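Protein chains in written order, with our numbering: chain A, 1 to 116; chain B, 1 to 114. Yeah, the Cβ is synthetic: ideal placement off N, Cα and C, and Gly gets one too. Please read these numbers as outputs of a predicted model, since none were measured by experiment. Input: a single structure, listed below in structure tokens.
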């Protein structure tokens, strides 16, 4: 069974540009979450999608947005990039929390964004 | 907001010894806790989780202990191996919020000395 797939793995952008990151969840997983990881702030929650609806959103500016498609694939977009947006962006998927399933998150390898 | 923190940022252990990584959480409503391992250049990998109705759970060479009274979580790794070298994160969640959102600690770097 394939894991969570994120593309691109690495990218370099300049300030003011925008970027779109893609995430394909594990087959059968309908919940997709995004996290930003930086050395200073650690792992911080960006947003969570379920059945094409944003279920929860972290404390990030409006420049950060996302969406989920009917096949559960998700994208996140960052507009007007700033130097501080340089980070590893992680996507995670989860099965529904039913019965014994605790809804643990399975992470992809991440997309490493460098903003120059 | 609520946060999960770690007592020790780095931990060095001799190969074959047992490792203990500690974590404190602040949200008394959290009812689910999880440990992840992250190797360099990779995404976090699930190690073990525990619900708040338990105080101990064992996996293969790993044990998680939960003390809700003092809001403390620990990960014990038995017979630590070089392959265990990584950054370990604890995280918590309040399931009643209807979200899968996890609040992560800053991480502890475990270095295994051969």
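Using a Cβ-Cβ cut-off of 8 angstroms, state whether residue i counts as contacting chain B.
i, result
"residue 111 (chain A)", "no"
"residue 103 (chain A)", "yes"
"residue 43 (chain A)", "yes"
"residue 65 (chain A)", "no"
Using the beta-carbon of each residue, which ones in chain B are nearer than 8 angstroms to residue i?
i, result
"residue 48 (chain A)", "99, 100, 101"
"residue 90 (chain A)", "43, 44"
By a C-beta neighbour count over all protein chains shown, 10 Å radius and 16 as the cutoff for buried, is residue i buried or exposed?
i, result
"residue 76 (chain A)", "buried"
"residue 21 (chain A)", "buried"
"residue 10 (chain A)", "exposed"
"residue 6 (chain B)", "Caution applies to residue 6 (chain B), whose pLDDT of 38 falls short of 50 and renders its modelled position unreliable; the value that the coordinates give is listed next. Flag for residue 6 (chain B) reads buried."
"residue 104 (chain A)", "buried"
"residue 37 (chain B)", "buried"
Any beta carbon from chain A within less than 8 angstroms of residue i's own beta carbon?
i, result
"residue 7 (chain B)", "In this prediction, residue 7 (chain B) scores a pLDDT of 43, lower than 50, which makes its location untrustworthy; the coordinate-derived value is nonetheless stated afterwards. It does not: the Cβ of residue 7 (chain B) has no partner Cβ on chain A nearer than 8 angstroms."
"residue 112 (chain B)", "no"
"residue 34 (chain B)", "yes"
Please state if the CB of residue j and the CB of residue i are separated by a distance shorter than 8 angstroms.
i, j, result
"residue 112 (chain B)", "residue 81 (chain B)", "yes"
"residue 74 (chain A)", "residue 4 (chain A)", "no"
"residue 81 (chain A)", "residue 16 (chain A)", "yes"
"residue 49 (chain A)", "residue 66 (chain A)", "yes"
"residue 64 (chain A)", "residue 43 (chain A)", "no"
"residue 107 (chain B)", "residue 87 (chain B)", "yes"
"residue 68 (chain A)", "residue 32 (chain A)", "yes"
"residue 66 (chain B)", "residue 89 (chain B)", "no"
"residue 131 (chain A)", "residue 111 (chain A)", "There is simply no residue 131 (chain A) to check, as chain A begins at 1 and stops at 116 in what is shown."
For residue i, return the contacting residues in chain B, with the cut-off set at a CB-CB distance below 7 angstroms.
i, result
"residue 107 (chain A)", "43, 44"
Return helix, strand or coil for residue i, following the three-state DSSP convention.
i, result
"residue 31 (chain B)", "coil"
"residue 46 (chain A)", "strand"
"residue 66 (chain A)", "strand"
"residue 94 (chain A)", "strand"
"residue 105 (chain A)", "coil"
"residue 11 (chain A)", "strand"
"residue 17 (chain B)", "coil"
"residue 74 (chain B)", "strand"
I want to verify the contact list: residues of chain A whose CB lies under 8 angstroms from the CB of residue i, in sequence order.
i, result
"residue 57 (chain B)", "Under the 8 angstroms cutoff, chain A gives no residues; its nearest Cβ is about 11 angstroms from residue 57 (chain B)."
"residue 106 (chain B)", "42"
Which chain A residues sit within Cβ distance under 9 angstroms of residue i?
i, result
"residue 51 (chain B)", "102"
"residue 83 (chain B)", "None at all; the shortest Cβ gap to chain A is about 18 angstroms."
"residue 94 (chain B)", "Here the premise fails: no neighbours, minimum Cβ distance about 11 angstroms."
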